[in-house]
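Beneath this line is the structure, given in structure tokens, with notes to follow.
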């Protein structure tokens with residue numbers, strides 16, 4: 016295969032699992048006929064970025080550039096691009112390509128494609144080199160994986176919608192959350208706070224579960240009708256057999272069975288958090304009420320655009336803390352302590 020011509024761009028990268036991120040120069044491909052070149056203005060900081068940078072999933076190739084909540088301005092388009100023009104404000108999420116032909120891709124569910132190309136940590140077939148993420152000045156992405164950002168949203172606060180937003184929107188839509196449904200959101204972090212906002216916007220009765228008494232007022236501010244302190248057995252018992260749907264956004268070890276017992280007959284609990292170790296699931300809470308326990312992974316491109324348009328219509332963004340690029344290593348340490356409300360976003364002008 017002939018390598019596509021590349022150009023150099025500034026980025027922040029790490030060269031090993033214990034090495035802090037630092038200024039670097041990386042190669043991007045020159046736009047081909049179907050490509051969109053984007054000047055990155057803001058990039059959200061996802062916990063997945065930290066896992067990847069530190070090789071906690073075991074597949075990181077170094078140098079590594081994280082970042083998959085990307086918002087920016089189109090600076091060039093290939094000759095075959097029809098949807099975008101120079102100057103458009105666009106977004107890029109966790110995926111930058113897929114096979115386009117498998118049943119998942121044909122159904123608009125590219126996130127399940129066995130050959131999906133992730134924004135970082137995959138292979139760029141044009142350069143025959145690893146993909147680099149959004150902690151950089153620019154990125155080049157095939158047209159079909161570029162999303163249009165609503166003009167009315169604050170771009171910095173909208174950046175995490177490309178991961179935290181779609182990760183919570185997709186399962187809420189799939190399980191038909193809406194008026195007349197009672198929905199639980201477990202955990203108030205980067206994912207959970209978006210789950211609360213979406214469930215409320217969908218018209219559900221929203222109950223937030225938290226282990227932190229300090230988050231009760233914030234949960235109500237974000238849209239929860241009720242906030243339950245999940246360490247209080249009496250508060251938990253008062254909600255037994257009452258939920259249509261529960262979205263679990265916790266990545267730490269916790270008792271999943273305590274929440275399964277809160278579901279109605281045929282209720283569902285969907286996990287979007289990613290605990291490091293397996294969670295024990297008891298048989299009886301599932302069997303006796305025909306409950307189900309499932310997982311969900313971001314969303315496909317059509318649903319992600321639908322989610323962005325929904326956010327534009329309802330003026331929904333993430334609660335963020337804007338940081339400079341050189342603060343990323345401190346942000347990672349703070350993220351490990353849950354010391355952020357509720358998502359860090361990098362101002363890429365500071366690179």
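Numbering (the numbering used here), first residue to last: 16 to 366.
Here a beta-carbon is modelled for each residue, glycine too, at the ideal position from N, C-alpha and C.
Closer than 7 angstroms by C-beta to residue i: which residues in its own chain qualify, once you throw out the five before and the five after it? Chain order, please.
i: residue 165; result: 323, 324, 326 and 327
i: residue 315; result: 123, 124, 125 and 126
i: residue 91; result: 46, 52 and 101
i: residue 129; result: 117
i: residue 238; result: 211, 212, 215 and 221
Taking the alpha-carbon positions, what's the residue i to residue j distance?
i: residue 297; j: residue 49; result: 50 angstroms
i: residue 17; j: residue 358; result: For residue 17, the predicted structure reports a pLDDT of 49, less than 50, and the residue's modelled location is therefore unreliable. A value from the coordinates is still provided. Their backbone Cα atoms lie some 40 angstroms apart in a straight line.
i: residue 229; j: residue 149; result: 33 angstroms
i: residue 310; j: residue 153; result: 33 angstroms
i: residue 289; j: residue 267; result: 8 angstroms
i: residue 299; j: residue 240; result: 30 angstroms
i: residue 243; j: residue 220; result: 13 angstroms
i: residue 283; j: residue 306; result: 6 angstroms
i: residue 342; j: residue 211; result: 28 angstroms
i: residue 275; j: residue 224; result: 13 angstroms
i: residue 217; j: residue 77; result: 42 angstroms
i: residue 294; j: residue 96; result: 45 angstroms
i: residue 79; j: residue 170; result: 25 angstroms
i: residue 81; j: residue 66; result: 10 angstroms
i: residue 356; j: residue 30; result: 29 angstroms
i: residue 348; j: residue 35; result: 11 angstroms
i: residue 143; j: residue 247; result: 54 angstroms
i: residue 255; j: residue 236; result: 25 angstroms
i: residue 172; j: residue 187; result: 21 angstroms
i: residue 26; j: residue 196; result: 45 angstroms
i: residue 167; j: residue 330; result: 8 angstroms
i: residue 24; j: residue 178; result: 24 angstroms
i: residue 192; j: residue 308; result: 16 angstroms
i: residue 41; j: residue 28; result: 9 angstroms
i: residue 333; j: residue 204; result: 11 angstroms
Going by Cα to Cα distance, which pick from the options is closest to residue i?
i: residue 264; options: 226, 128, 156 and 346; result: 226
i: residue 189; options: 167, 173, 208 and 213; result: 213
i: residue 151; options: 170, 43 and 195; result: 43
i: residue 121; options: 27, 159 and 141; result: 159
i: residue 353; options: 62, 109 and 33; result: 62
i: residue 291; options: 285, 279, 269 and 312; result: 269
i: residue 320; options: 185, 39 and 287; result: 185
i: residue 251; options: 260, 273, 234 and 235; result: 273
i: residue 94; options: 39, 33, 157 and 41; result: 157
i: residue 304; options: 278, 365 and 155; result: 278
i: residue 108; options: 181, 74, 245 and 115; result: 181
i: residue 86; options: 193, 192, 253 and 163; result: 163
i: residue 174; options: 74, 204 and 84; result: 84
To which residues of the same chain is residue i closer than 8 angstroms at the C-beta, ignoring the five residues directly before and after it?
i: residue 88; result: 53, 54, 56, 102, 103, 104 and 105
i: residue 146; result: 111, 132, 133, 134, 135, 136, 137, 138 and 139
i: residue 350; result: 60, 62, 65 and 359
i: residue 20; result: 44 and 45
i: residue 258; result: 197, 198, 199, 222, 277, 278, 279 and 282
Could you give the DSSP three-state label for residue i: helix, strand or coil?
i: residue 307; result: strand
i: residue 29; result: strand
i: residue 78; result: coil
i: residue 114; result: coil
i: residue 280; result: strand
i: residue 211; result: helix
i: residue 16; result: Residue placement at residue 16 is flagged as unreliable, the pLDDT there being 44, under the threshold of 50; the coordinate-derived value follows with that caveat. If DSSP states are grouped into helix, strand and coil, residue 16 belongs with coil.
i: residue 253; result: coil
i: residue 391; result: Only positions 16 to 366 of the chain appear in this structure, which leaves residue 391 out of reach.
i: residue 63; result: helix
i: residue 329; result: helix
i: residue 104; result: strand
i: residue 146; result: coil
i: residue 69; result: coil
i: residue 286; result: strand
i: residue 334; result: coil
i: residue 357; result: coil
i: residue 268; result: coil
i: residue 40; result: strand
i: residue 49; result: coil
Shorter than 7 angstroms from the beta carbon of residue i to some beta carbon of chain D?
i: residue 72; result: The chain labelled as chain D is not found in the depicted structure, where only one protein chain is given.
Excluding the 5 residues preceding and the 5 following residue i in the sequence, name in chain order all residues of the same chain whose CB lies nearer than 6 angstroms to its CB.
i: residue 183; result: 206, 209, 210 and 213
i: residue 362; result: 337
i: residue 200; result: 207, 210, 211, 223 and 262
i: residue 72; result: 66
i: residue 75; result: 67
Ranges of the alpha helix (DSSP H) found wholly within the stretch 155 to 230, counting only runs of at least 4: 170 to 173, 179 to 189 and 207 to 216
List in chain order: all unbroken alpha helix (DSSP H) runs of 4+ residues lying wholly within the stretch 113 to 143. 118 to 121
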